[in-house]
């Protein structure tokens, strides 16, 4: 890979032997292997049997999962937030495993639409829930750095399966919950609120 990167630098009009570029092929190889490490990840190993039988049939949501991926068309990054919800039938997934599942598919050459559906389909396959919903919001550097050069644009994709597809009410509940800010308040927020109350 390093020899190919040297050749690429030369094709771009650079001198691969100059001081600033001497170690670039090694660094690029390391970075690309990390950014595509999802190919070497096994979903079952990532979940690591963190599937639990629970008597719970209400919505479970993990939102604002940061992710970074590479667009397969230009090898430029796209990144943003992923929101995942499911309604258990008999089993739940350990909460920390959901961001790791997102990572498995994000760390590959991707398109946003496929990334969204892969996450949803995997959760459906592994625990057979009543429904799964995944929403991905992302900024694509292939849009903001080149082409149309629209720096403030972002893309939203969704995959709704089972109850989320069949029931408009369930779907709307999920989308409304995504809009809510976190209920956790910092101590500084509480101090500020107390000051306002005293006034």
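Residue numbers (this note's numbering): 1419 to 1617.
All C-beta atoms in this analysis are idealised placements derived from N, C-alpha and C, irrespective of residue type, glycine included.
Please read these numbers as outputs of a predicted model, since none were measured by experiment.
Three or more Cβ pairs closer than 8 Å define a contact, and the segment 1519 to 1527 meets that threshold against the segment 1485 to 1499. Setting aside the 5 residues that flank it on each side, residue 1467 has no residue in the same chain whose C-beta is closer than 7 Å to its C-beta. In this structure, residue 1556 lies near residue 1572, with their beta-carbon atoms less than 8 Å apart. Minimum Cα-Cα distance from residue 1496 among the listed residues 1563, 1458 and 1423 corresponds to 1563. Under DSSP, residue 1571 shares a beta bridge with no residue.
Cβ-Cβ separation between residue 1427 and residue 1440: approximately 11 Å, too far for a contact (criterion under 8 Å). Contact between the segment 1462 to 1480 and the segment 1502 to 1520 is present, with at least three C-beta pairs closer than 8 Å.
The three-state secondary structure of residue 1472, taken from DSSP, is coil.
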